[in-house]
Amino acid sequence: MQETPRRIRLTLSPQAGKYARRDAPREARLLAARGALPLPPAEIATVLFALLHDPDPEVKSCARDSLEGLPAPILEQVLAGDVHPALLAHFAQHYRDKEPYLERIALNANVDDATLAFLAGRPLRRIVDLISHNQERLQRAPDIVEALGENPLTGRAVIDRILTFVGDTPASSREDEPESIDEAQALAALRAVLGEELSLHAEALIAEPESEEQAAEAAAQDAALGRHNLPQIISGLSVFQKIKLARMGNREARGLLVRNRNKIVAISAVTNPKVTENELIAIAQSRAVCDEVIRVIAGKREVTRSYPAKLALTTNPKTPQAVAMKFVNYLQDRDLRNLMKSKDVPSVISAHARRVLTKKGRL
């Protein structure tokens with residue numbers, strides 16, 4: 005079904021309004037569409053934006069050329085001024101790669117959440133950082149958090165800031181002592197964010213099985229009785245709910261959410277206080293997780309002390325090269341030979357494995 009276009013109500017002064025009214029003479033509208041108006045910059049842009057919807061094709065085309073060809077000094081005043089959110093949205097789309105203009109739009113108090121979410125998805129580091137400091141918007145608009153979490157330029161510092169704003173501060177990835185979690189508080193927090201219907205599943209989503217066999221048995225019972233289907237539940241959650249579940253949930257929840265394409269959700273899963281060393285090693289072997297998750301694991305000294313973790317991180321091409329190169333020095337000869345021949349790791353890593361073997365006199 006075709007979506008009904010959203011009606012936009014623009015506020016214009018009487019002097020500006022006479023150029024944009026549908027009953028204004030065509031000559032007056034066409035003159036206005038050329039931008040030759042004795043008006044302040046914000047009103048000129050608003051009149052031109054109104055004329056983009058004029059029924060006359062020539063007026064509409066001329067208005068578009070004028071609006072999108074505004075001189076930089078005038079445009080900068082418009083983007084920082086008290087203008088309609090729809091006008092800012094138009095400029096955000098048109099200047100989608102112009103960081104200085106997008107920065108002014110992001111800082112404008114009139115910008116709407118949808119436009120800010122669009123800007124949050126742009127591959128522009130300054131814009132990502134700017135929006136990630138807007139606590140009020142992050143707390144009220146999940147689409148903005150969703151966009152930031154899927155932006156390749158969203159790094160760990162930005163993720164931690166966002167999690168702090170939305171009330172889920174993870175433990176530092178470099179702390180040697182794991183953070184503890186109060187099960188009763190976690191259950192209450194998860195129930196609160198899941199809502200009335202889904203809160204019925206909260207206890208099952210937090211409970212940790214004592215063994216792999218117990219986990220398999222519980223999953224089989226759930227399936228047989230038609231109880232919670234976790235992938236289906238997750239697919240219907242908002243980004244805020246996914247973050248909370250990743251942060252508080254059990255191994256099954258963590259295992260699914262750590263592969264979420266939203267980095268904020270994935271980081272919440274890998275920094276869950278209940279995550280085990282064996283889980284982290286298994287995740288470190290995965291190429292289905294995002295780079296930031298691998299960086300978090302690589303920064304956990306209590307995990308990287310183990311040989312399986314070093315091997316997993318060295319053989320995963322998503323591991324930062326400097327980290328992988330360091331761990332190569334600790335590998336056994338058999339693994340060094342495999343690494344030297346591997347086509348799945350960067351050539352610099354396989355070359356370093358060869359150098360280590362040569363230095364040992366094993367080649």
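Counted the way the working numbering counts, the sequence shown spans residues 5 to 367. Note that beta-carbon positions come from the ideal geometry of N, C-alpha and C, so glycine has one too.
Same chain only: Cβ atoms within 7 Å of residue i, ignoring 5 sequence neighbours per side
| i | result |
| --- | --- |
| F122 | A96 |
| S136 | L152, V162, R165, I166 |
| G68 | It should be noted that the sequence gives Arg, not Gly, for residue 68. Hits under 7 Å: L56. |
| H94 | F53 |
| E181 | The predicted position of E181 is uncertain, since its pLDDT is 44 and thus under 50; no value can be drawn from it. |
| G230 | Since pLDDT at G230 reaches only 48, below the 50 mark, its modelled position is unreliable, and the value read off the structure follows with that caveat. If we look at G230 and ignore the five residues flanking it on each side, it has no Cβ neighbours. |
Cβ-based neighbour list, residue i, same chain, cut-off 6 Å, excluding 5 preceding and 5 following
| i | result |
| --- | --- |
| L361 | L340, L367 |
| A90 | I12 |
| A438 | Here the chain covers residues 5 to 367 and nothing more, so residue 438 does not appear. |
Cα-Cα separation, residue i to residue j
| i | j | result |
| --- | --- | --- |
| S290 | P77 | 50 Å |
| G125 | H98 | 15 Å |
| P368 | L157 | As shown, the chain starts at 5 and ends at 367. That puts residue 368 outside it, with no answer to give. |
| H88 | A188 | 47 Å |
| A292 | L198 | 26 Å |
| L234 | F244 | 16 Å |
| T308 | V274 | 14 Å |
| L111 | E150 | 19 Å |
| L343 | V327 | 15 Å |
| G1 | R160 | Residue 1 lies beyond the range of the chain shown here (5 to 367); nothing can be said about it. |
| D133 | Q139 | 12 Å |
| R195 | S346 | 47 Å |
| A250 | T319 | 26 Å |
| D27 | L14 | 16 Å |
| N114 | R305 | 46 Å |
| M252 | Y23 | 58 Å |
| Y105 | N155 | 19 Å |
| S65 | Q81 | 23 Å |
| R33 | I237 | 54 Å |
Limits of the unbroken alpha helix (DSSP H) element including residue i
| i | result |
| --- | --- |
| K322 | From DSSP, K322 is part of no alpha helix (DSSP H); its letter is neither H nor E. |
| S354 | 351 to 364 |
| H94 | 89 to 98 |
| D339 | 337 to 345 |
| Y334 | No alpha helix (DSSP H) holds Y334; DSSP gives it neither H nor E. |
| D295 | 295 to 302 |
| E107 | 103 to 111 |
| V307 | 305 to 308 |
| G21 | 18 to 24 |
| K267 | 267 to 274 |
| L152 | 146 to 154 |
| R38 | Per DSSP, R38 belongs to no alpha helix (DSSP H) and is neither H nor E. |
| L209 | 206 to 210 |
| G259 | 255 to 261 |
| P235 | 234 to 239 |
| T119 | 117 to 124 |
| A292 | Segment: none, A292 is in no alpha helix (DSSP H) and carries neither H nor E. |
| R13 | Per DSSP, R13 belongs to no alpha helix (DSSP H) and is neither H nor E. |
| E62 | 61 to 71 |
| K278 | Looking at the DSSP string, K278 is not in any alpha helix (DSSP H), and its letter there is neither H nor E. |
| P45 | 45 to 55 |
| L249 | 243 to 252 |
| T168 | 160 to 169 |
Beta-carbon gap between residue i and residue j smaller than 9 Å
| i | j | result |
| --- | --- | --- |
| L43 | S70 | no |
| R38 | D60 | no |
| T3 | L315 | Absent from the structure is residue 3, since the part of the chain shown begins at 5 and ends at 367. |
| L83 | I109 | yes |
| A46 | G85 | yes |
| P321 | V297 | no |
| L142 | F169 | yes |
| E212 | R255 | yes |
| L92 | D116 | yes |
| L260 | S272 | no |
Beta-carbon contacts of residue i that lie in its chain and below 8 Å, excluding the five residues immediately before and after
| i | result |
| --- | --- |
| V352 | Q325, M329 |
| A313 | E281, L284, I285, A288, I301, V307 |
| A268 | Just to set this straight, residue 268 is Ile in the shown sequence, not Ala. Answer for I268: V149, L152, G153, T158, I163, I166, L167, V243, I247, listed in chain order. |
| R1 | For the chain, the structure presents residues 5 to 367; residue 1 sits outside this window and is missing. |
| S310 | E281, I285 |
| K364 | D337 |
| V332 | T318, L340, L343, I353, H356, A357, V360 |
Buried/exposed call for residue i, threshold 16 Cβ in 10 Å
| i | result |
| --- | --- |
| R258 | buried |
| D58 | buried |
| R144 | exposed |
| Y334 | exposed |
| K248 | buried |
| T119 | buried |
| E1 | Residue 1 is absent from the model: the chain starts at 5 and stops at 367. |
| K278 | buried |
| A270 | buried |
| A36 | buried |
| S239 | exposed |
| R178 | Residue confidence for R178 is low, a pLDDT of 43 falling below 50, so the modelled location carries little weight; the figure read from the coordinates is stated next. Under this definition R178 is an exposed residue. |
| R265 | exposed |
| R25 | exposed |
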